[in-house]
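Worksheet for the structure shown next.
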Amino acid sequence: MNRKLMFASLMSMLSLGAYAQSDMYQSNSTLLSTIKVMANGVEKTNAWAGGQNAPQFAVADMNKDGKDDLIVFENNDAVKIDGVKVYIRVDAAGSSLPRYRFSPEYHYKFPEVKSYMKLIDYNCDNIPDLFHMGANFQGLVIADGYYDDSDILSFKPEREIRFYRQGSATSSPINIRPSDIPSLEDIDHDGDLDFVTYGINGYYISAWKNTTKEDNLPCDSFRLVPWTSCWGKVMQDYPRAHFLGTTYCPPFRDDPQGMPNHGNNAMCLIDIDGDSDFDFLDGNQDYSDIQLVINGKADIGYPIDSMIAQDTLWQKNGHQLYMPKFPAAYWVDIDGDGDRDILISPKLAGTENYKCIALYENQGSATAPNYVYQSDTFMIETMIDAGTNSYPVVYDYNRDGLPDLFIGTLGRHNPVNGTNLSRIVYYQNTGTATMPIFTLKDNNFLNLESLELSGGAITIGDLDNDGKDELLIGRANGNIAYFKNNAANGAAQPDWQLWLRELLDRKGKVIRANNNATPFIYDVDKDGKNDLVSGMRLGYIYYYHNFATNTGDYQLEKAADSLGKLKVGVYQGEGSTTPFIGKVDNSGKTYLMLGTKDGTIQQWEGIDSGDPNKTYTQVEEKYSNIQIKGSNSAPYFADINNDGKYEVFIGNDLGGVTMYFQIFNVNVDDVAKKQNQLTVYPNPAMDILNIGLNDKVIPAKSTVKIYSNMGQLLSNVPMQYRDNAWRVDISALPAGMYLCSVYYDGAVHTARFSKTK
-9 MNRKLMFASL MSMLSLGAYA QSDMYQSNST LLSTIKVMAN GVEKTNAWAG
41 GQNAPQFAVA DMNKDGKDDL IVFENNDAVK IDGVKVYIRV DAAGSSLPRY
91 RFSPEYHYKF PEVKSYMKLI DYNCDNIPDL FHMGANFQGL VIADGYYDDS
141 DILSFKPERE IRFYRQGSAT SSPINIRPSD IPSLEDIDHD GDLDFVTYGI
191 NGYYISAWKN TTKEDNLPCD SFRLVPWTSC WGKVMQDYPR AHFLGTTYCP
241 PFRDDPQGMP NHGNNAMCLI DIDGDSDFDF LDGNQDYSDI QLVINGKADI
291 GYPIDSMIAQ DTLWQKNGHQ LYMPKFPAAY WVDIDGDGDR DILISPKLAG
341 TENYKCIALY ENQGSATAPN YVYQSDTFMI ETMIDAGTNS YPVVYDYNRD
391 GLPDLFIGTL GRHNPVNGTN LSRIVYYQNT GTATMPIFTL KDNNFLNLES
441 LELSGGAITI GDLDNDGKDE LLIGRANGNI AYFKNNAANG AAQPDWQLWL
491 RELLDRKGKV IRANNNATPF IYDVDKDGKN DLVSGMRLGY IYYYHNFATN
541 TGDYQLEKAA DSLGKLKVGV YQGEGSTTPF IGKVDNSGKT YLMLGTKDGT
591 IQQWEGIDSG DPNKTYTQVE EKYSNIQIKG SNSAPYFADI NNDGKYEVFI
641 GNDLGGVTMY FQIFNVNVDD VAKKQNQLTV YPNPAMDILN IGLNDKVIPA
691 KSTVKIYSNM GQLLSNVPMQ YRDNAWRVDI SALPAGMYLC SVYYDGAVHT
741 ARFSKTK
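This is the structure in structure tokens:
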């Protein structure tokens, strides 16, 4: 890995604020671009984005380059995971649509987002502000947007938006049903944002008027008052069709207790006919299509918004949208031409998981829109996305000396019966030993879908001691499928054939690891025969010892319900462990690494001892501060480019794969003690920055380099070595955040500092 890439990654790491020197693995767009993925002759430019299943969309200029970038939010309340991803717009020559590049170095700028996400400027500063339900609320919060000293979009602490009843000085919270998506638009065209959502009973639409302009309040105010509890004179009951022209208005209630509820809605206000009143696209959790409801206020001259027509099968005369459950629409300018387009995706997971982003491009204008279907895999086709739950394994399948990539998966959604069909996706390494390129060779390896297995957690290794590697697939029901290798020898390309749908122990009993078996083949007791370990939903690691003495045979017997006496998660179902056993850095040690339900990786020490009865010690609960944008992390470590450092491929519940890269080398002594010695003072600094090492002298032969917050080397920074320390003149630098690095004796010491005016 070259030094430029290393420091691009360092900057991403230091930007996270809670920086620890044990964060050996990092990820950013520069590093990710070095490992290319091809499919059908086309590069997957966002290969390592990690997949999407139920994304929500907004646009905002993240890096202040004048171009709106794509911001994607995937809600995951079950495990409280921050699901915001940033795709920076990078124009591609000859492309009809802008190209977006997955850029995880910007993710940290977003707070925890809950339930829904809107990015709209409300306070007249031309900077997008963040609206969502709120991490600790049940309605509407705002986090004001601003650009930091590095011109990166950032957000102030969130504050709750409450509403005021007529004549009352007391405010009340806005309650929104957790699975609903509300709308924020300037409905009355008075220059401030109004708020519209289905009421808490799910039948009528409630609207809150923003009176900031009427009350002559500052632009950064957001004062809501109840407007109507029957906005649009429309009501939806259990049928798909809406009731138009309703005359009944229910009481304006904000208390959700005791209210009937017919289902959740995702409401998208849109001026679909360019007449300046707001129609809406409505998605309902009980239906597979979007309903368009037309506002007749402008057409007929009504004094209030009144829905007069509907299309219950929108685009039935073009490309009719179909998503098996709860589609949601988003009105955003995706192609950067100044008018808004339509994106549609599922609101909740558990439904369509590949053809899950439909794009209808506005090929007309804002006043005369013409929405034309473009794709139902928008952005998905640019990334590795195998459906739901992915389990990567690196293995040289074709015996060319280059590591290939296999991804086991629960599979893609079957619209016929609503199930998923497990599959294995095979990417052959068609690059070189130092520049791997993964090229899609088989999207349904071994024709696994035809076997109708439910699972997909794969592991490869010699289980029967015949010198040839077998393939095991962990299943959702806890069983493990066994594929025997019928190749002539271990040097030949494997010939895997299904031998047992359910792997048996030495007594003929089905091996079952609770639910969601995640097997791994490894010689735990170092007796020369590989054993079987498996993670599971409950958070334990089962251990089956191999008692076989004959070549070509395995004799498995459960030896531990909890290898290492460890458990992930406190409550049942919190764990969902996926094990990897092997080396993860250049320390020479073997570790047990555990993927978890919450999207982190745990590091455990002790398996190197060969003692299966040993109590393992947790080294890191959140290894290298890795937190994927999804749940059910499934790690696999390997040095795929022969640079002496490791990479980790991480699967997740979204069906994609993310990658992190080892940045630091590790000595046998504790890396944290070795690295966490650099001090910079004063911090913040104005003119002179002093650099020292805790309890040590910086040698004169050391080298000091200063980098901007975006990883650019600053070459004209005066510095002087004096009194066993470095003094750096930073007076000419603009105010902002910087990285200081000191090199000596083959080590790099880093620290972040702030420059003030």
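Per this note's numbering, the sequence shown starts with residue -9, numbered consecutively.
Cβ atoms here follow ideal geometry from the backbone N, Cα and C, with glycine treated the same way.
{"Check": "C-beta neighbour in chain C for Asp59, strict 8 Å", "Outcome": "No chain C is part of this structure, which consists of one protein chain only."}
{"Check": "Boundaries (first-last residue) of the alpha helix (DSSP H) holding Leu87", "Outcome": "No alpha helix (DSSP H) contains Leu87, which DSSP labels as neither H nor E."}
{"Check": "Distance, Gln305 Cα to Cys749 Cα", "Outcome": "Because residue 749 is not part of the residues shown, which for the chain are -9 to 747, the question remains open."}
{"Check": "Nearest-angstrom Cα separation, counted from Thr201 out to Ala356", "Outcome": "26 Å"}
{"Check": "Proximity to Gly554 [Cα-Cα], best of Asn631, Val718, Tyr606, Leu174", "Outcome": "Tyr606"}
{"Check": "Contiguous beta strand (DSSP E) assignments of at least 3 residues, all confined to the region 265 to 303", "Outcome": "269 to 274, 281 to 285, 297 to 301"}
{"Check": "Among Lys691, Pro674, Lys458, nearest to Tyr734 - alpha-carbon criterion", "Outcome": "Lys691"}
{"Check": "C-beta contact flag for Gly585 and Ala624 at 8 Å", "Outcome": "yes"}
{"Check": "Neighbourhood of Asn255 by C-beta distance below 8 Å, restricted to the same chain and skipping five residues each side", "Outcome": "Asp170, Ile171, Tyr188, Gly192, Gln226, Asp272, Gly273, Asn274, Gln275"}
{"Check": "DSSP three-state assignment for Phe435, whether helix, strand or coil", "Outcome": "helix"}
{"Check": "6 Å Cβ shell around Thr367 - same chain, five flanking residues per side excluded", "Outcome": "Lys345"}
{"Check": "Sufficient close CB pairs (3 or more, under 8 Å) joining the region 260 to 271 to the region 287 to 299", "Outcome": "yes"}
{"Check": "Selected residue, minimal CA-CA separation from Gly326, among Gly56, Gly641, Tyr671", "Outcome": "Gly56"}
{"Check": "Check whether Asn520 and Glu492 have beta carbons under 8 Å apart", "Outcome": "no"}
{"Check": "Limits of the unbroken alpha helix (DSSP H) element including Leu21", "Outcome": "19 to 22"}
{"Check": "Cα-Cα separation between Ser23 and Lys548, rounded to whole angstroms", "Outcome": "44 Å"}
{"Check": "Alpha helix (DSSP H) segments (min. 4 residues) lying fully within the region 607 to 677", "Outcome": "661 to 665"}
{"Check": "Own chain partners of Arg527 with C-beta closer than 6 Å, once the 5 adjacent residues on each side are dropped", "Outcome": "Asn504, Asn505, Asn506, Gly563, Ser566"}
{"Check": "Distance cut-off 7 Å: Phe63 Cβ against heavy atoms of the ligand SAM", "Outcome": "Although the ligand SAM was asked about, the structure shown includes no ligands whatsoever."}
{"Check": "Per-residue DSSP class, three states only, for Ala37", "Outcome": "helix"}
{"Check": "Cα-Cα separation, Gln483 to Val574", "Outcome": "26 Å"}
{"Check": "Tyr532 in three-state terms, based on DSSP", "Outcome": "strand"}
{"Check": "Where Gly554 sits in the DSSP three-state scheme", "Outcome": "helix"}
{"Check": "Three-state secondary structure (DSSP) of Ile370", "Outcome": "helix"}
{"Check": "Straight-line gap, Thr429 to Ile25 (C-alpha atoms, nearest Å)", "Outcome": "11 Å"}
{"Check": "As assigned by DSSP and simplified to three states, the class of Ser692", "Outcome": "coil"}
{"Check": "C-beta contact flag for Tyr381 and Thr568 at 8 Å", "Outcome": "yes"}
{"Check": "Rounded distance between the beta-carbons of Arg152 and Ile164, thought under 8 Å", "Outcome": "7 Å"}
{"Check": "Helix, strand or coil at Lys474 [DSSP, three-state]", "Outcome": "strand"}
{"Check": "Coil, strand or helix - Tyr734 by DSSP", "Outcome": "strand"}
{"Check": "Reference Leu453, options Ala538, Asn467, Ile678, Ile397, closest by Cα", "Outcome": "Ala538"}
{"Check": "Boundaries of the beta strand (DSSP E) in which Glu64 is found, first to last residue", "Outcome": "59 to 64"}
{"Check": "Extent of the continuous beta strand (DSSP E) run through Pro336", "Outcome": "331 to 336"}
{"Check": "Euclidean distance between Cα positions of Leu443 and Gly340", "Outcome": "17 Å"}
{"Check": "Collapsed DSSP secondary structure at Gly248 in the structure displayed", "Outcome": "At Gly248 the pLDDT is 47, less than 50, meaning the model places this residue with poor confidence; the figure from the coordinates comes in the next sentence. It is coil, neither helix nor strand."}
{"Check": "Bridge partner(s) assigned by DSSP for Gln16", "Outcome": "Phe651"}
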